[in-house]
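The listed protein sequences derive, respectively, from chains A and S.
With the working numbering, you'll find the first sequence wraps up at 642, consecutive numbering, no jumps.
With the working numbering, you'll find the second sequence wraps up at 642, consecutive numbering, no jumps.
Structure first, then comments.
Protein chains: 2
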Amino acid sequence: MDKQLVTNTIHEAGLDDFSQVTIRDIAKLSKQLENLSGEKFIHLEMGVPGLKPSEIGTEAEIEALKNNCAQTYPPNDGIPAIKQAASRFVKAFIDLDIDPLCCMPTTGSMQGTFAVFTTLKIARPEKDTVLFIHPGFPVQTTQCEVIGLKTLGIDIYNYRGEKLIQKLEETLKNGKINSIVYSNPNNPSWVCFTDEELKGIGELATKYDVIILEDLAYFAMDFRQDLSHPFQAPFQVSVGKYTENYIISISGSKAFSYAGQRIGVTCISNKLYHTKLKTIEERFQVSEFGAFMANRILYTLSSGVTHSTQYAMAAMMNAASDGKYNFLKDVKVYGERAKFMKEILLKNNFYLVYDNDLGKPLADGFYFTTQYPGMTAVELTKELMFYGVSVFPLNTMGSLQQGVRICTSFFHDNLRDAFAERISNFAKDHPIK
Amino acid sequence: MDKQLVTNTIHEAGLDDFSQVTIRDIAKLSKQLENLSGEKFIHLEMGVPGLKPSEIGTEAEIEALKNNCAQTYPPNDGIPAIKQAASRFVKAFIDLDIDPLCCMPTTGSMQGTFAVFTTLKIARPEKDTVLFIHPGFPVQTTQCEVIGLKTLGIDIYNYRGEKLIQKLEETLKNGKINSIVYSNPNNPSWVCFTDEELKGIGELATKYDVIILEDLAYFAMDFRQDLSHPFQAPFQVSVGKYTENYIISISGSKAFSYAGQRIGVTCISNKLYHTKLKTIEERFQVSEFGAFMANRILYTLSSGVTHSTQYAMAAMMNAASDGKYNFLKDVKVYGERAKFMKEILLKNNFYLVYDNDLGKPLADGFYFTTQYPGMTAVELTKELMFYGVSVFPLNTMGSLQQGVRICTSFFHDNLRDAFAERISNFAKDHPIK
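Right, dumping it as structure tokens:
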């Protein structure tokens, strides 16, 4: 890219020091530069799925619309079809038993976590803090800020295995934590917790009476194992094997490339669903945790989820559980892209930031993290702009490490040569001291 | 109905005194009685539209799905098509000028009011109370309870015209009111505010710096006038003519019979949208009221609204503004039903509770309120059960009057004779003392 043009454009956007840059700033800046220079950027900054949505979903949705599902209000906690499909899917791919009653669709996983945090805020007033295992999705922290919950974070970079459990327990001892939140595989680092780590987390949840909110947005995308066979090991690992204090969030956005329709399911453990709480009984005339979340919180948030989209999600989940729809086959391409990009980067002096699962190499998937020696995350993000590559710095995601996030979703095969060339040029221009 | 059977069923449901009855209890009870007795109830308790959804909506939605709208995230504040369509619709049918930027789709009007209340809670911490003009939709009060806002209510029964404005001003003087909420036409009473009243409310909003949240769920359903001609008087009346401190909420559920897809639009006055607030700038890195609501609140609530449904709503609004789709023609049947039912009831000793707009008879529409002499609302609700008629008592809707709400949506023509007979039998069995 033309150096002067990039410098001027960054300056004009008021982003000279880049330290407060947001993902939208980067997207906007790179598009401006494309328009001004006529050169295409390689967009690695966004976390947006790049595949065609599942036809099983759209067909089910079209049929539901033809049957006039638009007329009648959906139930607050979901139509029976999606509740049953979610319960079955959870059994098929995680090997957990959760009753249909306890599985609820939400307007995207975003609404699911908002509902969970709101429920906790009201139902557990004595515990006012959410503990995030970082790095993570920054909007969940914003949700807590909007709702009025405090947050704490632990960066897993220095804490894996037994050290993670110890560090979590130190924090839990303050008695103020109502929940622990993480995504698995992790956005942005693609770290996957081991069964041992999940066991430790689960035991802490029981011991300290906190709820684990397990965000499975990138469901079963640990491609080191084939998790695609329903009702058959190996399964997506989950804390649900080790505690009853858990809530699982499964998104249609990434697994089924269905982000546009805003659909996810929130599955509450049977025991937690039926837990009675005095804090809500008098104020809201309902006593069970799950019923409160369904009939008060989800009701007041949007009185249920778009009717037709519930049919789509039910159909996709059922087809997957039937073994008729291998959704992981579609998204496996993300892993192949990550593998290629990592090779190019490592050949050109880059290194991986979060680079192992307790000694084992990370899986290749939707995201990974990388950095160039002798630079800060912000410097690297800005410098890569000059080579027509847009990435996202980790600092806004609760990470204490210097590094950037690479998202593979828009990295189509025809970009391979350009990527290799640009990264190689970058390395030549930035010799390691 | 068999007296003993009804008494036993009510007793078994633990609802002997009926004072804490909810709408769901009544729906459940009447369905149980139908199953046990084999007799059909006349269901007048629910506020659920009973018409086929607009085909313009479903067709636009199906087309959007075929074009793979399911793949990509919708913008937080709506696709351009719906923003433009809403702005144009507001001009066509209310004669208000609101920029497309300031019109945002929400997952039902329910999400719209939740978002507004949350925005107010954070942006106006010095004013912590929402003032409801009652009777009204009880779930909006629950929303405030969930969000942590205080509420106050004024029953319009004794306060119309100048008296309403005086009463509102008395309350506003406490300095704690952040907003005034009402629906127009009113659920459940079908009271419609006059232009004079709206002028008074608007002037108070400006004087006391409070926001008017005008819920137009039953858009233009004041059938005393023909409000169906776009860009042509008479228009749906609105407080937006008299203040810039307003937010309008338009639902797809009733006007377009599109409740199942959960779509509404929230339109913020241009001036309010661009109002800068210090309270949010530091905490949320955004300073304008409307931008905060769009990019922080709506983002964290569900990251936007189901993509295909936005196309549906845009198509329906545009067709209406084009004069190609007379949505009021479809829903006019509600008014005809109300007229018939009122006649039967009045012939049989019933009276209307909320019965006039400053001397003028009320319009006939989706709801009305009625009562039988010498009974409480709860007694009447319970007694009508014995005649196979289910209604909803007003006490849960913030009304201080004895009365019940009648919803006309499921009252199909083939129920006319049965209704007349049952009401006549009721009157015979309950002679006026």
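Ideal Cβ placement from N, Cα and C applies to all residues, glycine included.
Check: C-beta contact flag for V419(A) and N387(A) at 8 Å; Outcome: yes
Check: DSSP bridge partner residues for P309(S) (one or two, in chain order); Outcome: Answer is none; P309(S) lacks a bridge partner.
Check: Where the alpha helix (DSSP H) containing I506(S) begins and where it ends; Outcome: No alpha helix (DSSP H) holds I506(S); DSSP gives it neither H nor E.
Check: As assigned by DSSP and simplified to three states, the class of Y455(A); Outcome: strand
Check: Min CB distance A468(S) to chain A below 8 Å; Outcome: yes
Check: CA-to-CA distance, G499(A) to I374(A), given in whole angstroms; Outcome: 28 Å
Check: A295(S), buried or exposed, once every other Cβ within 10 Å from all chains shown has been counted against 16; Outcome: buried
Check: Any beta strand (DSSP E) of 3 or more consecutive residues that is wholly inside the stretch 552 to 608 of chain A; Outcome: 576 to 580
Check: Neighbourhood of K642(S) by C-beta, 7 Å cutoff - its chain only, sequence neighbours within 5 removed; Outcome: G583
Check: G411(A) Cβ short of 7 Å to the ligand FMN heavy atom set; Outcome: Although the ligand FMN was asked about, the structure shown includes no ligands whatsoever.
Check: Contacts that I331(A) makes with chain S (C-beta to C-beta distance below 8 Å); Outcome: V355
Check: Interface flag, I271(A) vs chain S, CB-CB below 8 Å; Outcome: yes
Check: Residues sharing a beta bridge with D364(A), DSSP; Outcome: H343(A)
Check: Inter-residue spacing [alpha-carbon to alpha-carbon] between L381(S) and T579(S); Outcome: 31 Å
Check: For S392(S), the three-state DSSP class (helix, strand or coil); Outcome: strand
Check: For K249(A), three-class secondary structure by DSSP; Outcome: coil
Check: Outcome for D622(S) when other beta-carbon atoms lying within 10 angstroms are tallied against a minimum of 16; Outcome: exposed
Check: Reduced DSSP category for E423(S) - H, G, I as helix; E, B as strand; rest coil; Outcome: strand
Check: Backbone CA spacing between A529(A) and P439(A) [nearest angstrom]; Outcome: 7 Å
Check: 3 or more residues per run - each beta strand (DSSP E) lying fully within the stretch 423 to 503 of chain A; Outcome: 455 to 460, 473 to 477
Check: Under 8 Å between C-beta atoms of C278(A) and Y520(A); Outcome: yes
Check: Exposed unless 16 or more other CB atoms sit within 10 angstroms - verdict on Y596(S); Outcome: buried
Check: Contact with chain A by P258(S), beta-carbon distance below 8 Å; Outcome: yes
Check: Beta-carbon neighbours of P570(S), restricted to chain A and to distances below 9 Å; Outcome: Residues of chain A passing the Cβ test: none, with the nearest at roughly 31 Å.
Check: H220(S) classed as buried or exposed, judged by whether at least 16 other C-beta atoms fall within 10 angstroms; Outcome: exposed
Check: Beta-carbon proximity list for F620(A), same chain, < 6 Å, skipping 5 on both sides; Outcome: R546
Check: Contacts around V587(S), its chain only, beta-carbon distance under 8 Å, and the 5 residues preceding and following it disregarded; Outcome: D226, F227, S228, V230, P602, N604
Check: N-terminal and C-terminal residue of the alpha helix (DSSP H) that I641(A) is part of; Outcome: That residue, I641(A), is in no alpha helix (DSSP H); it is neither H nor E in DSSP.
Check: Below-8 Å beta-carbon distance, V348(A) vs any chain S residue; Outcome: yes
Check: Buried versus exposed call for P314(S) [16 or more other C-beta atoms within 10 Å across all chains shown]; Outcome: buried
Check: At least 3 beta-carbon pairs within less than 8 Å: the stretch 549 to 564 of chain A vs the stretch 292 to 307 of chain S; Outcome: no
Check: 7 Å CB neighbourhood of K541(S) in its chain, flanking five on each side removed; Outcome: F432
Check: Under 7 Å from the C-beta of A279(S): neighbouring residues of chain A; Outcome: P262, G266, T267, Y467, G469, Q470
Check: Listed by chain order, chain A residues near Q320(S) by CB distance under 7 Å; Outcome: L510, S511
Check: For P314(A): DSSP bridge partner residues; Outcome: V474(A)
Check: DSSP state of C401(S) mapped onto helix, strand, coil; Outcome: coil
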